[in-house]
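J.: Here the working numbering is used: the first residue of the sequence shown is 2, the next is one more, and so on.
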Amino acid sequence: PQQYQEEMTYTYLAIAEIYVKQENEAEAVKFYQIGLQFAKETLGEEHIKMADYYLFWADLLRNNPEKPGETVEYLKKALNIYLNTEDVDPNALIDLYFDLGTTLYKEKEYKEALKYLEECKKRAIENPPASSKVLEETYNYIALVYYQQENFDESIVYFQKALDVCKKYGDHKDLDIYYRNIGLAYDSKGMLEKAIEYFEKALELAVKNFGKRGKITRDYYEIVLERLARAERMEDLETVRAKFDFEFNQY
């Protein structure tokens, strides 16, 4: 019976997950493949639940440094099923495009990552405000792709878009990250004064959100001091140092 077959699928996948956690790859693959075969025989290869099983395996493979491409392979299998199935949850499709784009980014496959991130962006824009957080993070990853490609102008454009979405919909405690990232992009362009402007905004927000003694605040403080020194703005450097040194000396 189909119910029995599905229960067997879940059982074998659960066993595969246990073996993955025990770092027993051979047994994990064996039980996953058995479970997957049960699913194919019961549901057919194009059934929407097959996408769930592919996503399950992709998630288990995600942290395996020896097989970086396999996560992408199974994410793509799931995407193909989603694209050939009617009435798929648009949020699930957006999330999958995001997952593919970010996974490829982490594997330094920047050109292909950008393709999936752009599709994610397009679909998330059509689905506000439910997809606002994904859109914010997608803009950030697109900016990171351009940054890695040393296209700093486009990087700044997309970091700014992420910042704008975060201001409108997001958790304002993330704003400092985008100000820092924009600062880094300007710094990489050789526009030191503009970079300092954004680093100082990041520092100001870190003080507000994490206090003067927070580690993140300390990191921004050191970034600002280093850039002020490079810009030979020694008076401004001493002003910042005087404002924060008392706090940091409390450690």
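Idealized CB from N, CA, C, for every residue including glycine. In this text, all values refer to a predicted model and were calculated from it rather than measured experimentally.
With a Cβ-Cβ cutoff of 8 Å, do residue 10 and residue 40 count as a contact?
T.: For this step, residue 10 is matched to residue 9 along the sequence shown. For this step, residue 40 is matched to residue 39 along the sequence shown. Cβ distance < 8 Å, so residue 10 and residue 40 count as in contact.
J.: So, for residue 160: in the same chain, excluding its five sequence neighbours on each side, which residues have a beta-carbon less than 6 Å away from its beta-carbon?
T.: Position 159 of the sequence shown holds residue 160. The answer, listed in chain order, is 144, 179, 182, 183.
J.: Could you tell me which uninterrupted alpha helix (DSSP H) segments, each at least 4 residues in length, are contained entirely in the segment 118-158, listed from first to last along the chain?
T.: 133-149
J.: From residue 224 to residue 52, what does the alpha carbon distance come to, in whole angstroms?
T.: The sequence position of residue 224 within the sequence shown is 223, counting from 1. The sequence position of residue 52 within the sequence shown is 51, counting from 1. Cα-Cα distance, rounded: 45 Å.
J.: Please tell me whether residue 199 and residue 163 are closer than 8 Å, where the distance is taken between their beta carbons.
T.: Here residue 199 refers to the residue found at position 198 of the sequence shown. Here residue 163 refers to the residue found at position 162 of the sequence shown. For residue 199 and residue 163, no; Cβs fall outside 8 Å.
J.: Looking only at its chain, what residues have a beta carbon closer than 6 Å to the beta carbon of residue 203, apart from the 5 residues adjacent to it on each side?
T.: Looking up residue 203 in the sequence shown gives position 202. Excluding sequence positions up to five before and after residue 203, its CB lies within less than 6 Å of the CB of 177, 180, 181, 221, all in the same chain and listed in chain order.
J.: For a test of the three-state rule: what should DSSP assign to residue 109, helix, strand or coil?
T.: The residue you call residue 109 lines up with position 108 of the sequence shown. Judged by DSSP in its simplified three-state form, residue 109 adopts coil rather than helix or strand.
J.: Could you tell me the alpha carbon to alpha carbon distance between residue 83 and residue 34, rounded to whole angstroms?
T.: As a first step, residue 83 must be located in the sequence shown, where it is residue number 82. As a first step, residue 34 must be located in the sequence shown, where it is residue number 33. Straight-line Cα distance between these residues: approximately 21 Å.
J.: Is the CB-CB distance between residue 146 and residue 118 below 8 Å?
T.: Translated into positions along the sequence shown, residue 146 becomes position 145. Translated into positions along the sequence shown, residue 118 becomes position 117. With respect to residue 118, residue 146 sits close: the two C-beta atoms are nearer than 8 Å.
J.: With C-beta atoms as the reference, is residue 125 less than 8 Å away from residue 136?
T.: For the purposes of this step, residue 125 is taken as residue 124 along the sequence shown, with counting starting at 1. For the purposes of this step, residue 136 is taken as residue 135 along the sequence shown, with counting starting at 1. In contact: residue 125 and residue 136 (Cβ atoms closer than 8 Å).
J.: Near residue 95, what residues of its chain come up, given a Cβ to Cβ distance below 8 Å and the 5 sequence neighbours on each side ignored?
T.: Position 94 of the sequence shown holds residue 95. Within the same chain, and ignoring the five residues on either side of residue 95 in sequence, the residues whose Cβ sits closer than 8 Å to its Cβ are 121, 124, 125, 128, 132, 135.
J.: Are residue 22 and residue 55 touching if we call contact CB-CB under 8 Å?
T.: Position 21 of the sequence shown, counting from 1, holds the residue named residue 22. Position 54 of the sequence shown, counting from 1, holds the residue named residue 55. Going by C-beta atoms, residue 22 is not nearer than 8 Å to residue 55.
J.: From the DSSP output, in three-state form, read off residue 70 for me.
T.: The residue you call residue 70 lines up with position 69 of the sequence shown. Residue 70: helix per DSSP, three-state reduction.
J.: Please work out which residues of its chain come closer than 7 Å, Cβ to Cβ, to residue 44, disregarding the five sequence neighbours upstream and downstream, and give them in chain order.
T.: The sequence position of residue 44 within the sequence shown is 43, counting from 1. Excluding sequence neighbours, residue 44 sits near 50, 51.
J.: Under the assumption that residue 207 contacts residue 197 (Cβ atoms under 8 Å), give the Cβ distance between them as a whole number of angstroms.
T.: Looking up residue 207 in the sequence shown gives position 206. Looking up residue 197 in the sequence shown gives position 196. The pair is not a contact, with the Cβ atoms about 15 Å apart (cut-off 8 Å).
J.: Taking the C-alpha atoms as reference points, what is the distance between residue 8 and residue 30?
T.: Numbered from its first residue, the sequence shown carries residue 8 at position 7. Numbered from its first residue, the sequence shown carries residue 30 at position 29. Cα-Cα distance, rounded: 18 Å.
J.: What would DSSP say about residue 241, mapped onto helix, strand or coil?
T.: If you number the sequence shown from 1, residue 241 lands on position 240. Residue 241 falls in the helix class under three-state DSSP.
J.: In chain order, what residues of the same chain lie with their CB nearer than 8 Å to the CB of residue 166, ignoring the 5 residues before and after it?
T.: Residue 166 sits at position 165 when you count from the first residue of the sequence shown. Closer than 8 Å at the Cβ level, and outside the excluded window around residue 166, lie 133, 136, 137, 140.
J.: Measuring only between beta-carbons, confirm whether residue 119 sits less than 8 Å from chain D.
T.: Reference to chain D is not applicable here, since this structure consists of a single protein chain.
J.: CB-CB under 6 Å to residue 170, same chain, minus the five flanking residues each way: which ones, in chain order?
T.: Start at 1 with the first residue of the sequence shown, and residue 170 comes out as number 169. Here the set comprises 130, 133.
J.: Taking the continuous alpha helix (DSSP H) assigned at residue 29, which residues delimit it?
T.: Counting from one through the sequence shown, the residue named residue 29 turns up at place 28. Note, residue 29: alpha helix (DSSP H), 26-44.
J.: Just to confirm, is the Cβ distance from residue 194 to residue 232 under 8 Å?
T.: Walking along the sequence shown from the start, residue 194 turns up at place 193. Walking along the sequence shown from the start, residue 232 turns up at place 231. Their beta carbons are under 8 Å apart, which means residue 194 touches residue 232 by this criterion.
J.: In whole angstroms, what separates the C-alpha of residue 98 from that of residue 157?
T.: Numbered from 1 along the sequence shown, position 97 holds the residue referred to as residue 98. Numbered from 1 along the sequence shown, position 156 holds the residue referred to as residue 157. Near 23 Å, if we compare the C-alpha coordinates of residue 157 and residue 98.
J.: Leaving aside the five residues before and after residue 28 along the sequence, list all residues of the same chain whose C-beta is less than 7 Å from its C-beta, in chain order.
T.: Within the sequence shown, numbered from 1, the residue matching residue 28 stands at position 27. Same-chain partners within the cutoff: 20.
J.: Which value, in whole angstroms, describes the spacing of the CA atoms of residue 149 and residue 242?
T.: As a working note, residue 149 is residue 148 in the sequence shown. As a working note, residue 242 is residue 241 in the sequence shown. So the two alpha carbons sit approximately 32 Å from each other.
J.: CB-CB under 8 Å to residue 237, same chain, minus the five flanking residues each way: which ones, in chain order?
T.: Position 236 of the sequence shown holds residue 237. Excluding positions up to five away in sequence, the list reads 229.
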